[in-house]
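Numbering (my numbering), first residue to last: 152 to 315.
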């Protein structure tokens with residue numbers, strides 16, 4: 152994100168991640184983030200997004216989700232206001248609407264249409280020990296860029312998405 156000049160796009164494909172995440176555990180216990188208490192949830196990630204957006208980078212995130220959504224996706228949905236506050240644009244696409252879109256097998260970021268970062272997760276949703284893979288291979292970057300744009304065109308803006 153720090154080196155992006157024009158765009159940063161992120162596609163999330165899983166219905167759960169890191170179920171041992173303390174934030175998710177607190178959420179399952181009924182604790183919710185307070186949008187009015189920014190100091191309780193704002194962190195380094197939000198700073199990085201805000202700084203990128205301030206220098207003109209368009210940051211977009213799309214989430215492909217199974218419906219009815221999982222508890223983890225509901226947790227993400229409930230906390231998406233933090234992404235929006237930092238300057239990200241976020242959309243949601245029900246998985247049933249993706250059957251004619253060619254998708255890479257794992258989550259990814261693409262920066263400036265030139266660098267892809269793949270995230271490889273274990274079956275339990277943990278980032279694998281060598282879970283970050285960068286590539287500038289034009290074919291792989293184009294696959295990701297095309298997939299993201301196809302999803303983005305179809306996806307529902309966060310403000311309009313009503314999870315089921």
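The beta carbon of each residue, even a glycine, is placed where N, CA and C say it ideally should be.
Please name the residue or residues paired with residue i in a DSSP beta bridge.
i, result
"residue 285", "268"
"residue 212", "161 and 241"
"residue 299", "Its beta-bridge partners do not exist; DSSP assigns none."
"residue 308", "242"
"residue 278", "272"
Using DSSP with H/G/I as helix, E/B as strand and the rest coil, what is residue i?
i, result
"residue 252", "coil"
"residue 222", "helix"
"residue 293", "helix"
"residue 236", "helix"
"residue 229", "helix"
"residue 167", "coil"
"residue 189", "helix"
"residue 313", "coil"
"residue 247", "helix"
Quick check on this structure: which residue in the options has the alpha carbon closest to the alpha carbon of residue i?
i, options, result
"residue 250", "192, 260, 186 and 298", "298"
"residue 291", "314, 253, 282 and 168", "253"
"residue 230", "303, 315, 300 and 182", "182"
"residue 245", "157, 154 and 163", "163"
"residue 219", "239, 247 and 202", "247"
"residue 188", "202, 233, 206 and 273", "233"
"residue 305", "193, 271, 241 and 206", "241"
"residue 177", "285, 211, 226 and 186", "226"
Which first and last residues belong to the alpha helix (DSSP H) in which residue i is found?
i, result
"residue 196", "195-205"
"residue 179", "173-179"
The beta strand (DSSP E) spanning residue i covers which residue range?
i, result
"residue 260", "258-262"
Does the separation of the CB atoms of residue i and residue j fall below 8 angstroms?
i, j, result
"residue 152", "residue 277", "no"
"residue 303", "residue 213", "yes"
"residue 243", "residue 312", "yes"
"residue 263", "residue 157", "yes"
"residue 216", "residue 166", "yes"
"residue 314", "residue 228", "yes"
"residue 208", "residue 239", "no"
"residue 197", "residue 237", "yes"
"residue 329", "residue 184", "Residue coverage of the chain in this structure runs from 152 to 315, which leaves residue 329 outside it and unanswerable."
"residue 281", "residue 273", "no"
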